[in-house]
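Chemist: First residue of the sequence shown: 1, per the working numbering; consecutive thereafter.
Sharing a structure below in structure tokens format, with a few things to ask.
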Amino acid sequence: MEYFTLARVIHVLAVVLWIGGVSMITTVIIPAIKKFSDPKKRYETFEAIENTFALQAKITTTLTGLSGFYMLYVLDAWDRYTQVQFWWIHAMTLVWLLFTVVLFVLEPLILNKLFEKYSITHPEKTFVFLHRFHWVLLTLSVITIAGAVAGSHGWHWI
Ligand code: HEM
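Below, the structure is given as structure tokens:
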């Protein structure tokens, strides 16, 4: 059972570092960069920050997924996916899947090129969209964390 507790520790630490970073980007970095008047400087600064964070995010999402599936395996709790009161298990999996697809597939294949193009041709619209997208991800993540902490400590309100 110590391995289970270790997995929980890794899970929570990875989530803190990962979603903490998303919060910093959403609430501090994008608003600060939006104030730059030069679109090229905006693009270059954001790219430099996001590229540095992307590696950390890839590591922490991977650790979150591995530790999460390991806990489900040890608890033998796969049937939670069929029960509505465990909506927070669905939410965790959804948030993890969203970030995994964005970080490992969409960003390297499509989003980086689109961002480079549109941040120069349509700088305002691009940053408004980028900011909204980050707010959606952050909001979903925060609701998920609240639900997961409450749910895994026995508070089911459905
Ligand atoms: C594939 C993705 C994931 C799986 C399979 C997974 C699975 C789990 C499991 C099995 C638990 C323990 C439940 C229990 O003790 O009854 C847990 C706890 C938790 N998870 Fe996840 N999780 C995943 C992703 C995430 C994500 C993306 C977040 C955050 C956005 C997250 C945040 C949490 C939190 C905060 C806890 C509660 C820890 C505690 O209070 O002890 N998980 N997760």
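All C-beta atoms, glycine included, are put in the ideal place defined by N, C-alpha and C.
(1) Assign residue 20 to one of three DSSP states: helix, strand, or coil.
(2) Among 47, 95, 91 and 18, which one has its Cα closest to the Cα of residue 58?
(3) Apply the 10 Å Cβ neighbour rule to residue 88 and answer buried if 16 or more other Cβ atoms are within range, or exposed otherwise.
(4) Which complete alpha helix (DSSP H) runs does the stretch 13-101 hold, if anything under 4 residues is left out?
(5) If you measure from the CB of residue 119, is any heavy atom of ligand 1 nearer than 7 Å?
(6) Can you tell me whether residue 154 is helix, strand or coil according to DSSP?
(7) Which same chain residues, not among the five before or five after residue 67, have their C-beta less than 8 Å away from its C-beta?
(8) Here's a check: name, in chain order, each residue in its chain whose Cβ is nearer than 6 Å to the Cβ of residue 71, leaving out the five neighbours to either side.
(9) According to DSSP, simplified to helix, strand and coil, what is residue 122?
(10) Is residue 23 near ligand 1 - that is, is its Cβ less than 7 Å away from at least one heavy atom of it?
Modeler: Let me lay it out:
(1) helix
(2) Closest in C-alpha terms to residue 58, from the list 47, 95, 91 and 18, comes 18.
(3) buried
(4) Scanning the stretch 13-101 for uninterrupted alpha helix (DSSP H) segments of 4 residues or longer gives 30-34, 39-75 and 87-101, listed from N- to C-terminal end.
(5) No; taking the cut-off as 7 Å, the Cβ of residue 119 has no heavy atom of ligand 1 nearer than that.
(6) coil
(7) 7, 8, 10, 11 and 14
(8) 7
(9) Coil at residue 122, not helix or strand.
(10) no
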